[in-house]
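Trainee: Quick note, the sequence shown lines up with residues 1 to 587 if you use the UniProt record's numbering.
Every residue gets a Cβ at the ideal spot worked out from N, C-alpha and C, and that includes glycine.
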Amino acid sequence: MNDTASSTFALEAFVIDGVLVEPSALRLSSSMGQTTLEPKVMALLVALSQKPGELWQRNELLGAIWANGSGSDEGLSRLVSLLRKTLASDHGLENTVKTIPKLGYRLDASVELPDPEGTAKQAAASPAIEAIGPGNAVAAQSRLSRIHVFIVAALVLAGIAFIWFPQDNRNSVNAASQIANNQARISLAVLPIELMKGVEDRPFLAEGMTRDLTAALSQVSNAWVAPYSSTRLLSGNMVDAVAAAEDLDVQYVITGAMGVQGDLLILRIDLADMIDNRQIWSKRFARPLDSFYELEDEIVREISTSIFSEIQASEIASVSSRDEFDLSVYELLQKAESERYAYGREPAMRIVSYLRRALAIDPDNYSSRAAMAIQLAQNVISGFSDDPARDAPLALRYLDEMRAIAPNDPKVLTSSAMVQYYINGDMQQARGLLEQSLAIDPNEPHAAVVLGLIRCYSGQADAGLTLIRNAEVRAPRDPRYGIWAWFRGACQSVQGDLESAERAADEAILRNPNYPAFYFASASFKCLLGKNKQAQDTVRLAARLDSAFGQQDYERLLSTAGFPGTPGKSRNEVFRQMRTCLASDIE
1 MNDTASSTFA
11 LEAFVIDGVL
21 VEPSALRLSS
31 SMGQTTLEPK
41 VMALLVALSQ
51 KPGELWQRNE
61 LLGAIWANGS
71 GSDEGLSRLV
81 SLLRKTLASD
91 HGLENTVKTI
101 PKLGYRLDAS
111 VELPDPEGTA
121 KQAAASPAIE
131 AIGPGNAVAA
141 QSRLSRIHVF
151 IVAALVLAGI
161 AFIWFPQDNR
171 NSVNAASQIA
181 NNQARISLAV
191 LPIELMKGVE
201 DRPFLAEGMT
211 RDLTAALSQV
221 SNAWVAPYSS
231 TRLLSGNMVD
241 AVAAAEDLDV
251 QYVITGAMGV
261 QGDLLILRID
271 LADMIDNRQI
281 WSKRFARPLD
291 SFYELEDEIV
301 REISTSIFSE
311 IQASEIASVS
321 SRDEFDLSVY
331 ELLQKAESER
341 YAYGREPAMR
351 IVSYLRRALA
361 IDPDNYSSRA
371 AMAIQLAQNV
381 ISGFSDDPAR
391 DAPLALRYLD
401 EMRAIAPNDP
411 KVLTSSAMVQ
421 YYINGDMQQA
431 RGLLEQSLAI
441 DPNEPHAAVV
451 LGLIRCYSGQ
461 ADAGLTLIRN
471 AEVRAPRDPR
481 YGIWAWFRGA
491 CQSVQGDLES
501 AERAADEAIL
511 RNPNYPAFYF
521 ASASFKCLLG
531 KNKQAQDTVR
541 LAARLDSAFG
551 QQDYERLLST
561 AGFPGTPGKS
571 RNEVFRQMRT
581 CLASDIE
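1) From L332 to V80, what does the alpha carbon distance come to, in whole angstroms?
2) Using the C-alpha atoms, what's the distance from D478 back to S230?
3) My output table needs one value for I193: the three-state DSSP class, helix, strand or coil.
4) Quick check on A543: buried or exposed, where buried means 16 or more other Cβ atoms within 10 Å of its Cβ?
5) Quickly, what does DSSP pair K569 with across the bridge? List them, please.
6) Looking only at its own chain, which residues have a Cβ that is under 7 Å from the Cβ of K526, when we skip the five neighbours before and after it?
7) Alpha carbon to alpha carbon, what distance is there between G489 and F518?
8) Among E246, T99, V329, M42, which one has its Cα closest to the Cα of N365?
9) Quick check on the DSSP output: the alpha helix (DSSP H) that includes P516 runs from which residue to which?
10) Along the chain, where does the beta strand (DSSP E) that runs through D270 open and close?
11) Going by DSSP in three states, W224 sits in which element: helix, strand or coil?
12) What does the alpha-carbon distance come out to for the pair A13 and V19?
13) For G568, count neighbouring Cβ atoms within 10 angstroms of its own Cβ and tell me buried if that reaches 16, exposed if not.
14) Can you tell me whether DSSP reads R488 as helix, strand or coil?
15) Does any residue of chain B have a CB that is nearer than 9 Å to the CB of M427?
16) Figure out for me which residue from A241, I266, N379 has the closest Cα to the Cα of Q279.
17) What is the rounded straight-line gap between the Cα of R579 and the Cα of G530?
18) Less than 9 Å between the beta carbons of S338 and L355, yes or no?
19) Compute the distance between the beta-carbons of S522 and A548, then report whether it is under 9 Å.
20) Tell whether a beta-carbon distance below 9 Å holds between L48 and V15.
21) Using only the alpha-carbon positions, how far apart do T566 and D546 sit?
22) For S282, count neighbouring C-beta atoms within 10 Å of its own C-beta (all shown protein chains included) and say buried if the count is 16 or more, exposed if not.
23) Looking at C-alpha atoms only, which residue of E60, W484, S187 is the closest neighbour of I254?
24) Specify the secondary structure class of S584 as computed by DSSP and reduced to three states.
25) Which word fits N512, buried or exposed, when buried means at least 16 other C-beta atoms lie within 10 angstroms of its C-beta?
26) Can you name, in chain order, every residue of its own chain whose Cβ lies under 7 Å from the Cβ of S415, other than the five neighbours on each side?
27) Using DSSP with H/G/I as helix, E/B as strand and the rest coil, what is S145?
28) Should residue 593 go down as buried or exposed, given a rule of 16 or more other Cβ atoms within 10 Å for buried?
29) DSSP on F384, reduced to helix/strand/coil?
Structure follows, in structure tokens:
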């Protein structure tokens with residue numbers, strides 16, 4: 001991310017009818033959960049909240065959100081649709097954004113600053129707001145308007161960094177050596193498949209097919225595919241394909257609709273070139289439900305051969321040819337996948353529960369076994385496992401079994417790399433596995449981020465930071481988005497840029513306030529900068545989150561990952577200074 005985007009860290013939070021809005025984190029929080037917004041959607045919400053109950057004319061909003069004049073009525077309508085859906089579906093706020101026919105829009109809700117003793121806590125606010133965000137003091141209501149003016153301007157500028165592949169950065173993305181010339185790559189997005197008659201009670205089928213097609217097309221060489229973590233937020237019948245292509249910065253858009261007639265799954269898929277404004281390919285399929293995977297493979301092949309003039313059949317990944325389709329297993333797998341977008345201990349435990357149920361139905365199902373291996377590895381690495389001594393070797397054994405069955409599964413390769421790196425401390429083997437994974441699926445951002453961290457710790461900090469920053473631009477809604485900011489800060493500390501490292505760690509907290517390692521990273525950088533009191537306050541917040549995670553755990557994590565230290569200080573010297581800082585008496 002650039003400095004403009006990073007500056008949004010200091011933006012103040014506010015509350016709309018009990019929903020905490022954190023513009024700097026692009027996050028909404030309520031008793032129903034948390035949601036991440038696109039930068040432009042957040043800019044719209046902040047603008048509307050500046051004048052609750054009053055009309056915003058369309059041209060005023062267009063000028064506020066698209067300062068360069070590139071906005072359109074269609075683009076604004078799409079943002080309004082996304083905001084309404086998010087507020088209603090994820091936070092229970094119905095009819096909050098009202099349309100004033102032929103004029104514009106109005107926010108029908110109360111707007112106030114958060115009270116740290118009340119609303120913010122009820123809305124599941126992050127401890128980072130209490131500790132380091134400026135919203136922890138209850139400000140006068142008159143400040144709100146001035147704050148919002150600043151926030152809208154900052155979000156509009158920050159959108160340059162958050163929206164994928166801005167023009168001045170597109171050619172610099174280099175997730176692996178396989179991606180040498182980004183200009184030659186074809187960009188596409190699979191928009192959420194719509195539900196039609198007969199499948200309203202089975203939304204997981206459409207969600208799963210959207211996710212599966214995205215994953216399979218990501219493995220076609222010379223293709224850049226928008227990640228599902230971003231396209232999933234575009235679901236609904238009001239999706240404007242033109243606006244979606246513009247926001248995702250892709251040339252080709254795949255849309256579809258799914259229904260059921262008797263025992264047949266009915267699917268219509270369309271492929272359009274949004275630059276030339278023409279339909280390239282369209283087809284209606286009618287297949288038995290138990291041939292779901294075969295249907296996905298057929299769609300991937302037809303789309304691929306429609307876009308690419310030269311393509312090898314071996315490049316087109318089979319979605320899941322190793323498994324027979326089982327509706328109950330598939331539903332559990334999709335529920336598990338959906339939980340990954342709320343990174344934390346409780347979602348991790350629910351994922352394991354879903355996968356155990358799936359394996360009870362079909363113990364030999366490859367997809368379920370691979371997903372369980374990946375989740376066990378993540379639980380051990382993230383500190384979510386209640387018995388790491390049991391789960392670490394189990395995860396390794398499962399991953400080895402999956403690699404023997406499918407040596408070219410990029411998710412399994414990436415998870416194997418994580419275990420080798422974070423549990424076994426084998427940086428070189430991890431690096432090889434990550435490079436192998438990225439050669440197969442160059443669109444996987446987390447693999448690129450971890451490879452970037454390894455490069456930073458191996459004396460290639462500039463190259464490593466490039467990988468991390470590009471992933472943050474590409475996939476700002478990935479559930480591991482907070483971890484990426486932490487890794488960016490770690491790279492910057494190796495370079496000696498401690499101020500940027502501190503900001504990155506604080507940004508990680510704002511993105512995901514539920515992971516104690518972020519607080520220790522922030523405290524470490526604060527100690528190195530001589531901010532002992534702030535460091536101690538930050539560590540106290542970590543203890544409130546998870547008292548079982550302490551200084552020794554943080555040091556062990558960094559030591560295993562190969563953190564070399566900062567310029568002029570070895571790793572152990574950094575650790576000693578942090579211990580002294582946290583134990584010191586503050587006058």
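Mentor: In this structure, then:
1) On the sequence shown, residue 332 is found 332 positions in, with the first residue counted as 1. On the sequence shown, residue 80 is found 80 positions in, with the first residue counted as 1. Computed Cα separation, rounded: 32 Å.
2) Locating residue 230 in the sequence shown gives position 230, where the first residue counts as 1. Locating residue 478 in the sequence shown gives position 478, where the first residue counts as 1. C-alpha separation (whole angstroms): 8 Å.
3) By one-based count along the sequence shown, residue 193 stands at place 193. Three-state result, I193: coil.
4) By one-based count along the sequence shown, residue 543 stands at place 543. Flag for A543 reads exposed.
5) Reading the sequence shown from its first residue, position 569 is the one you call residue 569. Note: K569 sits in a beta bridge opposite T566.
6) For the purposes of this step, residue 526 is identified with residue 526 of the sequence shown, where counting begins at 1. Around K526: E502, Q534, A535, T538.
7) For the purposes of this step, residue 518 is identified with residue 518 of the sequence shown, where counting begins at 1. For the purposes of this step, residue 489 is identified with residue 489 of the sequence shown, where counting begins at 1. Distance between the alpha carbons of F518 and G489 is about 10 Å.
8) For the purposes of this step, residue 365 is taken as residue 365 along the sequence shown, with counting starting at 1. Checked all of E246, T99, V329, M42; the closest Cα to N365 is V329.
9) Counting from 1 along the sequence shown, the entry for residue 516 is found at position 516. From DSSP, the alpha helix (DSSP H) with P516 extends over 516-528.
10) Numbered from 1 along the sequence shown, position 270 holds the residue referred to as residue 270. D270 -> beta strand (DSSP E) spans 264-273.
11) Residue numbering aside, residue 224 sits at position 224 when the sequence shown is read from its first letter. The answer is strand: DSSP assigns W224 an E or B state.
12) Against the sequence shown, residue 13 aligns to sequence position 13. Against the sequence shown, residue 19 aligns to sequence position 19. Distance between the alpha carbons of A13 and V19 is about 10 Å.
13) The residue given as residue 568 occupies position 568 in the sequence shown. With fewer than 16 other Cβ atoms within 10 Å, it is exposed.
14) Residue numbering aside, residue 488 sits at position 488 when the sequence shown is read from its first letter. It is helical.
15) Considering every chain present, this structure includes no chain B. It has just one protein chain.
16) If you number the sequence shown from 1, residue 279 lands on position 279. Q279 has its Cα closest to that of A241, out of A241, I266, N379.
17) Here residue 579 refers to the residue found at position 579 when the sequence shown is read from its first residue. Here residue 530 refers to the residue found at position 530 when the sequence shown is read from its first residue. So the alpha carbons of these two residues sit roughly 13 Å apart.
18) Taking the first residue of the sequence shown as position 1, residue 338 is located at position 338. Taking the first residue of the sequence shown as position 1, residue 355 is located at position 355. No, the Cβ-Cβ distance between S338 and L355 is not below 9 Å.
19) As a first step, residue 522 is located in the sequence shown; it is residue number 522 there, counting from the start. As a first step, residue 548 is located in the sequence shown; it is residue number 548 there, counting from the start. For S522 and A548, no; Cβs fall outside 9 Å.
20) For this step, residue 48 is matched to residue 48 along the sequence shown. For this step, residue 15 is matched to residue 15 along the sequence shown. No, the pair does not count as a contact, with Cβ atoms beyond the cut-off.
21) Mapped onto the sequence shown, residue 566 falls at position 566. Mapped onto the sequence shown, residue 546 falls at position 546. Computed Cα separation, rounded: 27 Å.
22) As a working mapping, residue 282 is identified with position 282 in the sequence shown. Answer is exposed; the Cβ neighbour count stays below 16.
23) Within the sequence shown, numbered from 1, the residue matching residue 254 stands at position 254. Considering only alpha carbons, the answer is S187.
24) Taking the first residue of the sequence shown as 1, we reach residue 584 at position 584. Coil at S584, not helix or strand.
25) Locating residue 512 in the sequence shown gives position 512, counting from the first residue. Result: buried.
26) The residue given as residue 415 occupies position 415 in the sequence shown. Hits under 7 Å: A373, I374, A377, L399.
27) Here residue 145 is taken as the residue at index 145 of the sequence shown, counted from 1. Interpretation of S145 is limited by its pLDDT of 44, a score under 50 that renders its predicted location unreliable; no figure is taken from the coordinates.
28) The first residue shown for the chain is 1 and the last is 587, placing residue 593 beyond what the model contains.
29) Indexing the sequence shown from 1 puts residue 384 at position 384. Note: F384 maps to coil in three-state DSSP.
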